[in-house]
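Visitor:
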Amino acid sequence: NAGVTQTPKFRVLKTGQSMTLLCAQDMNHEYMYWYRQDPGMGLRLIHYSVGEGTTAKGEVPDGYNVSRLKKQNFLLGLESAAPSQTSVYFCASSNTGELFFGEGSRLTVL
Amino acid sequence: SQQGEEDPQALSIQEGENATMNCSYKTSINNLQWYRQNSGRGLVHLILIRSNEREKHSGRLRVTLDTSKKSSSLLITASRAADTASYFCATEGFSGSARQLTFGSGTQLTVLP
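Order-wise, the sequence lines are chains A and B. Sequential numbering of the first sequence, starting at -14, is according to the working numbering. Sequential numbering of the second sequence, starting at 875, is according to the working numbering.
1. Pick out whichever of 12(A), 2(A), -10(A), 11(A) has its Cα sitting closest to the Cα of residue 916(B).
2. Determine whether the beta carbon atoms of residue 78(A) and residue 22(A) lie at a separation below 8 Å.
3. In this structure, how does DSSP classify residue 881(B) when only helix, strand and coil are distinguished?
4. Could you check whether the Cβ of residue 898(B) sits closer than 8 Å to any Cβ belonging to chain A?
5. With C-beta atoms as the reference, is residue 921(B) less than 8 Å away from residue 965(B)?
6. Measure the Cβ-Cβ separation of residue 31(A) and residue 49(A) and say whether it is below 8 Å.
7. Taking just the CA atoms, how far does residue 981(B) sit from residue 883(B)?
8. Whose Cβ in chain B lies nearer than 9 Å to the Cβ of residue 88(A)?
9. For residue 925(B), I'd like the list of residues in its chain whose CB is within less than 7 Å of its CB, leaving aside the five on either flank, ordered along the chain.
10. Assign residue 983(B) to one of two classes, buried (16 or more other C-beta atoms within 10 Å of its C-beta) or exposed (fewer than that).
11. Cα separation between residue 875(B) and residue 908(B)?
12. Thinking C-alpha only, which one of 3(A), -3(A), 76(A) is nearest residue 53(A)?
13. For residue 959(B), which of 974(B), 910(B), 948(B) has the nearest alpha-carbon?
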């Protein structure tokens, strides 16, 4: 009964380092999303996928890349981290409109 | 850009009172959803109301939608301390095959025991 699982939950990076956040869902959902949440700004969509092998840009895609090689996994990559990418990142999946969220990954870039 | 904007930003009430949160949005929508987020946790879906619906109930929750005013309200009746959380509205527009939700900045609800 896992739902949406995000790893890692916490990470500290130095400016310029790279990393990948992994999102896994076990609900056979077609749609998957990556959002970032910053204080006072709600959630903003970074990238999303409408099915295996597809990705598309959201509202704030710059500095991020994504891949959806398997239906159950959606990876978010930071090639060269910047302090402005310090945030809490949420993955979500959906089939029918209602989004199911993971517990979040808190990233700090020094 | 924020599609939905919640009002108020923060709300503090006593246990047993009703809490009302409002959401306004800018463009036509397919549906509007409300989510709850407890501190340090992910968002949890509460209720979805479609553009052709005016009111919907789920337990102690009542959601209304006025598409002519581009606004929605969430009413939580007989509030409990466990209702303390941030509440977000999210709108789904018409964007082809993608089901994209745009979230507002949320209302922080505190229910005092």
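All residues carry an ideal CB built from backbone N, CA and C; glycine is no exception. These numbers come from a predicted model, not from an experiment.
Guide: So, from the listed chains and residues:
1. Mapped onto the second sequence, residue 916(B) falls at position 42. Checking every option, the nearest Cα to that of residue 916(B) belongs to -10(A).
2. To locate residue 78(A), count along the first sequence from 1; it is residue 93. To locate residue 22(A), count along the first sequence from 1; it is residue 37. Pairing residue 78(A) with residue 22(A) gives a Cβ-Cβ distance that is not under 8 Å.
3. For the purposes of this step, residue 881(B) is taken as residue 7 along the second sequence, with counting starting at 1. DSSP places residue 881(B) in the strand class (E or B) of the three-state scheme.
4. If you number the second sequence from 1, residue 898(B) lands on position 24. No, its Cβ sits nowhere closer than 8 Å to a Cβ of chain A.
5. Taking the first residue of the second sequence as 1, we reach residue 921(B) at position 47. Taking the first residue of the second sequence as 1, we reach residue 965(B) at position 91. Going by C-beta atoms, residue 921(B) is not nearer than 8 Å to residue 965(B).
6. In the first sequence, the residue the question calls residue 31(A) occupies position 46. In the first sequence, the residue the question calls residue 49(A) occupies position 64. Result yes, Cβ atoms of residue 31(A) and residue 49(A) sit closer than 8 Å.
7. Numbered from its first residue, the second sequence carries residue 883(B) at position 9. Numbered from its first residue, the second sequence carries residue 981(B) at position 107. Roughly 5 Å between the two C-alpha positions.
8. As a first step, residue 88(A) must be located in the first sequence, where it is residue number 103. Within chain B, the residues near residue 88(A) are 914, 915, 916.
9. Here residue 925(B) refers to the residue found at position 51 of the second sequence. Taken in chain order, the residues that qualify are 903, 904, 905, 941.
10. As a working mapping, residue 983(B) is identified with position 109 in the second sequence. Classified as buried, residue 983(B) has 16 or more neighbouring CB atoms from the shown chains inside 10 Å of its CB.
11. For the purposes of this step, residue 875(B) is identified with residue 1 of the second sequence, where counting begins at 1. For the purposes of this step, residue 908(B) is identified with residue 34 of the second sequence, where counting begins at 1. In this predicted model, residue 875(B) has a pLDDT of only 46, less than 50, meaning its place in the structure is not dependable enough to derive any value.
12. Counting from one through the first sequence, the residue named residue 53(A) turns up at place 68. The shortest C-alpha separation from residue 53(A) is found at 76(A).
13. Counting from 1 along the second sequence, the entry for residue 959(B) is found at position 85. Put simply, of 974(B), 910(B), 948(B) the residue whose alpha carbon is nearest the alpha carbon of residue 959(B) is 910(B).
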